[in-house]
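Protein chains in written order, with the numbering used here: chain F, 4 to 291; chain P, 26 to 265; chain G, 26 to 371.
Every residue, glycine too, gets a C-beta built ideally from N, C-alpha and C.
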Amino acid sequence: MDLVALLAIQVLYAIASLALMSVGLAIIFGMMKVINLAHGEFLMLGGYAAIQANRLGLSIWIAMLIVAPIVVGAIGIIVERTIIRWLYGRMIDTMLATWGLSLFLVGLTTAIFGNTTVGLSAPLGSFEIGQYRTSAYTLFVIGVALVVLFGVLAILRFTRLGLIARGTMQNANMAAALGVNPNRVYSITFGAGAALTGLAGAIIAPVSGVFPTIGAAYVAKCFITVIGGGASIVTGTTTASTLFGAVNQIATYVTTPVFGEVALLAAAIVLIRVLPQGITGRFFRGSL
Amino acid sequence: MTVPLIETRGLGMRFGGVQAVRDVNFTLGERELRCLIGPNGAGKSTFFKMLTGQLKPTSGVVLVRGVDVTDAEPHEIARRGVGIKTQVPSVFDGLTVRENLWLATARMHRGAQAQRAVETMLERVGLSAIASRVVGQLAHGQRQWVELGVVLSTNPDLVLLDEPAAGMTDQEVLRTVELVRDINKTKALIVVEHDMQFIRMIASKVTVFNQGAVLMEDDVEAIMHSPIVRDVYLGKKAAA
Amino acid sequence: MNARALNVLGLALVAVVGIAVLFLTPRLFDLDVLLNITVYMIMAVLALSLALIWGFGGILCFGQSAFFGLGAYTYAIAMINIGESTAPLILAIIIPAAFAALLGYFMFYGRISDVYLGVITLTVTLILFNSINSTAGPEFHIGSAKLGGFNGIPGIPSLNVPFFKDWQIDLEGMFYLSTASLILTYFGLRALLASRFGRTIVGIRENDRRAQLLGYDPRAYKLATFTIGAALAGYAGCLFANWGSFVSPTIFGLAQSAQIIIWVIVGGRGTLIGPILGCVGIQWLTAALGANAPSGAAGWQALLGNVPLILGAILIAFVLLVPKGLVPTIGGLESVLFRPRTGASR
Numbered sequence: 004m005d006l007v008a009l010l011a012i013q014v015l016y017a018i019a020s021l022a023l024m025s026v027g028l029a030i031i032f033g034m035m036k037v038i039n040l041a042h043g044e045f046l047m048l049g050g051y052a053a054i055q056a057n058r059l060g061l062s063i064w065i066a067m068l069i070v071a072p073i074v075v076g077a078i079g080i081i082v083e084r085t086i087i088r089w090l091y092g093r094m095i096d097t098m099l100a101t102w103g104l105s106l107f108l109v110g111l112t113t114a115i116f117g118n119t120t121v122g123l124s125a126p127l128g129s130f131e132i133g134q135y136r137t138s139a140y141t142l143f144v145i146g147v148a149l150v151v152l153f154g155v156l157a158i159l160r161f162t163r164l165g166l167i168a169r170g171t172m173q174n175a176n177m178a179a180a181l182g183v184n185p186n187r188v189y190s191i192t193f194g195a196g197a198a199l200t201g202l203a204g205a206i207i208a209p210v211s212g213v214f215p216t217i218g219a220a221y222v223a224k225c226f227i228t229v230i231g232g233g234a235s236i237v238t239g240t241t242t243a244s245t246l247f248g249a250v251n252q253i254a255t256y257v258t259t260p261v262f263g264e265v266a267l268l269a270a271a272i273v274l275i276r277v278l279p280q281g282i283t284g285r286f287f288r289g290s291l
Numbered sequence: 026m027t028v029p030l031i032e033t034r035g036l037g038m039r040f041g042g043v044q045a046v047r048d049v050n051f052t053l054g055e056r057e058l059r060c061l062i063g064p065n066g067a068g069k070s071t072f073f074k075m076l077t078g079q080l081k082p083t084s085g086v087v088l089v090r091g092v093d094v095t096d097a098e099p100h101e102i103a104r105r106g107v108g109i110k111t112q113v114p115s116v117f118d119g120l121t122v123r124e125n126l127w128l129a130t131a132r133m134h135r136g137a138q139a140q141r142a143v144e145t146m147l148e149r150v151g152l153s154a155i156a157s158r159v160v161g162q163l164a165h166g167q168r169q170w171v172e173l174g175v176v177l178s179t180n181p182d183l184v185l186l187d188e189p190a191a192g193m194t195d196q197e198v199l200r201t202v203e204l205v206r207d208i209n210k211t212k213a214l215i216v217v218e219h220d221m222q223f224i225r226m227i228a229s230k231v232t233v234f235n236q237g238a239v240l241m242e243d244d245v246e247a248i249m250h251s252p253i254v255r256d257v258y259l260g261k262k263a264a265a
Numbered sequence: 026m027n028a029r030a031l032n033v034l035g036l037a038l039v040a041v042v043g044i045a046v047l048f049l050t051p052r053l054f055d056l057d058v059l060l061n062i063t064v065y066m067i068m069a070v071l072a073l074s075l076a077l078i079w080g081f082g083g084i085l086c087f088g089q090s091a092f093f094g095l096g097a098y099t100y101a102i103a104m105i106n107i108g109e110s111t112a113p114l115i116l117a118i119i120i121p122a123a124f125a126a127l128l129g130y131f132m133f134y135g136r137i138s139d140v141y142l143g144v145i146t147l148t149v150t151l152i153l154f155n156s157i158n159s160t161a162g163p164e165f166h167i168g169s170a171k172l173g174g175f176n177g178i179p180g181i182p183s184l185n186v187p188f189f190k191d192w193q194i195d196l197e198g199m200f201y202l203s204t205a206s207l208i209l210t211y212f213g214l215r216a217l218l219a220s221r222f223g224r225t226i227v228g229i230r231e232n233d234r235r236a237q238l239l240g241y242d243p244r245a246y247k248l249a250t251f252t253i254g255a256a257l258a259g260y261a262g263c264l265f266a267n268w269g270s271f272v273s274p275t276i277f278g279l280a281q282s283a284q285i286i287i288w289v290i291v292g293g294r295g296t297l298i299g300p301i302l303g304c305v306g307i308q309w310l311t312a313a314l315g316a317n318a319p320s321g322a323a324g325w326q327a328l329l330g331n332v333p334l335i336l337g338a339i340l341i342a343f344v345l346l347v348p349k350g351l352v353p354t355i356g357g358l359e360s361v362l363f364r365p366r367t368g369a370s371r
């Protein structure tokens with residue numbers, strides 16, 4: 004019974020961390036149809052931002068929840084203005100340019116911070132479930148994921164900003180005719196996606212440490228979660244993370260972590276083959 | 026009883042909540058020329074796409090010479106002798122006119138024979154002078170001719186023309202009429218058009234589409250004088 | 026001089042340069058330069074494999090390094106087990122090709138499009154990387170070849186003259202083999218692209234729909250192209266394993282895949298000579314920059330030696346500013362001299 008509870012928490016954690024890491028990408032891909040292959044590096048930069056801020060004396064909570072998103076969000080806006088903006092509509096060229104950006108950021112971070120792993124100790128300590136101990140931090144991550152997902156849903160659905168963003172993405176000319184500046188909307192949306200990614204990177208940092216090439220471990224997983232999820236940002240990310248996160252964690256539990264990764268990637272390939280439009284291309288269509 | 030060249034029974038296409046084509050029974054014999062008219066959104070292009078296999082119908086069947094091709098791949102249907110010239114010219118923009126025609130004819134001819142077939146087709150569609158130009162750089166009207174050449178190069182038994190006279194000058198329209206009559210000597214044609222003068226000049230049986238279904242099927246003159254058709258095109262108020 | 030004559034002139038030029046490099050280089054340079062040039066030749070074959078698949082076939086493959094790595098590892102494992110190189114060489118070509126055929130069937134007959142092709146091929150190469158990287162323990166072996174995990178497989182025996190296992194190839198021999206391979210691959214691909222098959226795949230790349238409506242089955246053509254490209258990449262992998270006598274999982278990594286794509290983009294998609302030049306140029310550039318920045322260097326020197334930084338900047342710059350690549354952009358020369366004849370020529 005305790006084991007079941009432990010496993011359940013681990014599965015929830017896997018789902019939550021995957022969702023948290025992917026939602027920024029889902030916003031950028033879902034709303035702008037931009038494939039950002041530098042996504043892993045945004046995660047990495049979020050981690051570094053949090054760690055540096057913490058080193059400079061800020062509390063770990065402020066570093067993770069405030070500094071990291073702001074820093075990476077700003078970087079996102081700069082990237083959008085200098086690179087992405089010239090490539091709208093050219094999906095493959097965007098992929099290539101952001102791949103270049105990814106390499107560039109890895110090189111830059113290595114030059115600034117060096118190659119070694121930097122870490123942050125996970126706050127909140129541990130708690131017991133029967134005979135097992137587990138980190139309470141995992142519960143925090145699950146909580147943040149829920150808050151972020153609901154937050155994004157709420158903003159898209161209930162605020163003026165969300166409506167403007169959705170409108171511009173669907174028909175920029177129309178939006179412009181109504182007085183909205185599409186370029187502004189694109190910048191803000193990309194920045195928001197980047198900020199959420201930075202947040203995720205910071206939150207994950209205590210768990211696995213940060214080093215310049217850590218992005219590579221996550222970029223494929225996030226992409227297949229977003230593509231597997233389909234067009235709807237929140238519903239898609241949630242359903243895909245649930246499926247893949249569960250597969251990953253359960254396979255890891257039954258075999259090894261490496262095989263867990265392989266299982267996730269294999270499940271993704273099968274999903275895309277069966278549902279080329281992603282989960283929300285077939286189910287929950289039209290949801291946010 | 027001869028088997029019709031192409032036949033549809035109860036053909037229908039549903040996109041989400043919209044029934045784009047409903048319950049169409051259509052028959053065409055060898056070397057028959059039919060015109061397809063109807064207001065925009067009546068389902069004509071969708072109908073064409075189902076005939077070529079580009080869209081899979083949600084109901085009904087398509088038969089080519091009695092063979093059910095409803096679920097066939099587009100290239101399989103093409104090999105059965107169906108060619109289509111689409112509304113928006115669909116050709117190989119990065120290649121020259123000559124290369125376009127060569128690709129079209131390459132499945133059926135080899136080597137020197139293919140070269141000859143290409144030169145013949147260039148003459149027929151009047152593009153010999155610009156044979157080495159890259160198609161993407163040609164004017165819209167010229168690209169239409171390239172596409173006609175490409176379609177005819179596969180020697181299909183059925184040629185579908187989706188608005189062949191669109192964007193053409195009067196002179197080019199006359200050339201097109203000549204070409205259609207010429208094609209009709211050996212092949213069947215279904216022509217979608219809005220230009221009633223053009224249709225009159227190729228004088229044939231006309232099928233009228235409206236809201237995805239066949240409204241009427243008769244000769245040109247009957248159709249042109251039909252109050253029902255006028256209503257559909259102009260709206261009841263204008264007729265009143 | 027008409028187009029056809031210029032085309033022949035271009036081919037002749039490449040042949041002359043190729044043969045000159047083949048025979049003159051060993052006489053002019055000493056062994057360590059030869060060693061470097063050899064790997065450039067090998068990588069150029071790899072570049073050509075992606076040029077075929079992506080540049081001409083229009084198939085966005087982000088995981089070309091998967092086939093390269095499979096070829097290298099297959100050769101290594103088979104060679105360690107068998108000891109005579111004829112079969113390992115053949116296997117190094119067949120196994121990646123078979124893998125590509127399977128993956129390709131899955132992707133092309135599943136009508137998976139462009140962007141998703143990129144993601145799936147990227148994912149596949151990541152799966153291979155992750156899997157092989159973790160096979161470090163002694164329990165991971167195929168026959169007598171230990172997979173070695175992140176340590177890689179060292180001490181791979183060299184190719185020998187077929188069936189004469191004691192006549193092993195030496196360094197100079199590797200140079201001849203690699204350069205000759207590159208020359209043959211170039212002319213072989215030119216011939217392939219001028220054939221019916223080649224012209225058809227270019228047409229399919231230009232307009233998949235129209236090709237279908239003319240009776241061509243694009244899925245079959247793409248599958249064939251993908252498989253041929255994989256076989257070529259596998260062969261390059263085999264040569265690479267010979268060159269360094271060593272393979273490691275980084276061969277499957279994102280960095281390796283990115284490099285191949287960068288070579289093709291910088292050199293120019295839709296050409297063959299472009300990717301060769303792009304590959305040699307970039308490899309030389311990164312080596313030269315790295316040589317000027319020994320570890321411990323600071324400031325500008327360190328930045329220049331920072332390979333990901335430079336490569337990333339190059340890729341971004343090219344996508345934004347020179348999207349067609351160098352060779353096509355350098356004047357109309359491209360369309361006449363170096364673009365293979367893809368149509369009925371007069």
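CB-CB length for residue i against residue j, believed under 8 angstroms
i: Phe-87/G; j: Ile-286/G; result: 7 angstroms
i: Leu-53/P; j: Ile-215/P; result: 7 angstroms
i: Ile-31/F; j: Val-37/F; result: 5 angstroms
Own chain residues within Cβ distance below 8 angstroms of residue i, not counting five before or after
i: Asp-187/P; result: Lys-69, Ser-70, Phe-73, Ile-109, Lys-110, Thr-111, Gln-112 and Val-217
i: Phe-188/G; result: Glu-109 and Thr-111
i: Val-143/P; result: Arg-123, Leu-126, Trp-127, Thr-130 and Ser-178
i: Phe-286/F; result: Thr-242
First through last residue of the alpha helix (DSSP H) which encompasses residue i
i: Cys-225/F; result: 218-232
i: Ser-25/F; result: 5-35
i: Val-273/F; result: 260-277
i: Thr-354/G; result: 351-354
i: Ile-107/G; result: 89-107
i: Tyr-51/F; result: 42-58
i: Arg-136/G; result: No alpha helix (DSSP H) contains Arg-136/G, which DSSP labels as neither H nor E.
First and last residue of the uninterrupted beta strand (DSSP E) at residue i
i: Arg-59/P; result: 58-62
i: Gly-35/P; result: 31-40
i: Arg-215/P; result: It is worth fixing the name first, because residue 215/P is Ile in this sequence and not Arg. That run of the beta strand (DSSP E) goes 213-217.
i: Ser-84/P; result: 84-89
i: Asp-266/P; result: It is not possible to answer for residue 266/P, since the shown part of chain P is limited to 26 through 265.
Exposure of residue i, with buried meaning 16 or more beta-carbon neighbours within 10 Å
i: Met-177/F; result: exposed
i: Glu-172/P; result: buried
i: Arg-168/P; result: buried
i: Trp-268/G; result: buried
i: Gly-162/G; result: exposed
i: Glu-148/P; result: exposed
i: Gln-173/F; result: exposed
i: Ile-115/F; result: exposed
i: Glu-231/G; result: buried
i: Asp-244/P; result: exposed
Residues near residue i by beta carbon distance below 6 angstroms, same chain, minus five either side
i: Phe-343/G; result: Ile-290 and Val-291
i: Ile-194/G; result: Ser-183 and Leu-184
i: Ser-25/F; result: Cys-225, Thr-228, Val-229 and Thr-240
i: Glu-197/G; result: Pro-51
Beta-carbon proximity list for residue i, same chain, < 7 angstroms, skipping 5 on both sides
i: Val-151/F; result: Leu-23, Val-26 and Leu-199
Residue-chain proximity (residue i, chain A), Cβ-Cβ < 8 angstroms
i: Met-94/F; result: Here chain A cannot be found, since the structure's protein chains are F, P and G.
Point to revise | Continuous beta strand (DSSP E) assignments of at least 3 residues falling wholly in the segment 275-304 of chain G | key: You should have found no qualifying run.
**Study point:** Start-end ranges of the beta strand (DSSP E) lying completely within the segment 141-178 of chain G, minimum 3 residues
**Key:** none
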